[in-house]
Amino acid sequence: MIFRHYPIRPICTILLCILSASTLWAQQSVTLLSRSAFKAYSRQDYQQAAEYYRQALAVDSTYTPAIYGLAASLYSESKYEEATKQLARLIDNDQLSQSRQADVMHNMGNLMMRSKQYDKAVEAYKQALIRRPQDDETRYNYTLAKKLLEQNQQQNKQQQEGQNENNTNAQPSPQQTPPQDGERQNDPKEIDKERAEQILDAFKQDEEKTRRRIEMQKREEAQRQQTKGKKNW
């Protein structure tokens, strides 16, 4: 899952004219540091990018692009917990447009998926879709998160039922036999991974079927129009 980045825009000329000298210097410093960070991020030097963003935030701790960029850099370094803390600062930020808020919630959903907090991922993607309903990527991730959440809940239920049964029956049932050599016991983590891949494959197959159905409908419609044109002639 790709972290959606935040572009660094140049300072408006009119804004430069109305800022005081000290404020102007600080703003220029923050912007230059953020641009350097973005360049480092673009060449996949995420550690250097994070350092530049931290320097920018040391000058202006509220500079939104730097907060967003630091979260993106930390995400790319697989530092998901730190990235979550930074991104959480932008949730419900009134200064962000609806589109930017959607990106924030989309990325938060990605972070929750990484930590297997599927319930929070579902909610984050849901909030992103409220702000930008036409986002197909977010809708896909939302559906996947719901499937994984349902699977996780089902596994927890089965484990709880199995534990209750074990507590009830102190002695193992005679019919139960231990796994033989060569048999591999199910690993919940491996099941999660395999199941996730199955779900992804299912989604891809559904998308392919949908595409083929639409193409067939288009061809049938074209044939009907062609036949209708011949009859009119």
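Numbering (mature numbering (1 follows the signal peptide of the UniProt record, and there is no 0)), first residue to last: -26 to -1, 1 to 207. In this text, a Cβ means the ideal position worked out from N, Cα and C, and glycines have one as well.
query: Is the distance from the Cβ of A45 to the Cβ of A57 below 8 Å?; result: yes
query: Please state whether DSSP places R106 in a helix, a strand or coil.; result: coil
query: Is N126 helix, strand or coil when you go by DSSP?; result: helix
query: Smallest Cα separation from Y37: which of K121, T5 and Q22?; result: T5
query: For S50, which residues in the same chain have their Cβ closer than 6 Å to its Cβ, ignoring the five residues on either side in sequence?; result: Y20
query: Spatial neighbours of S73 within its chain, please: CB distance less than 8 Å, with the 5 preceding and 5 following residues excluded, ordered by chain position.; result: R105 and R106
query: Whole-angstrom Cβ separation of A30 and S47, contact assumed at under 8 Å?; result: Incorrect: roughly 12 Å between the Cβ atoms, too far for contact.
query: Compare the C-alpha of R88 against each of S3, L118 and Q1 and name the closest.; result: L118
query: Use the C-beta contact count for D110: other C-beta atoms within 10 angstroms, 16 or more gives buried, fewer gives exposed.; result: exposed
query: Go through the region 71 to 120 residue by residue and report every complete run of the alpha helix (DSSP H) that reaches 4 residues or more, in order.; result: 72 to 88 and 92 to 105
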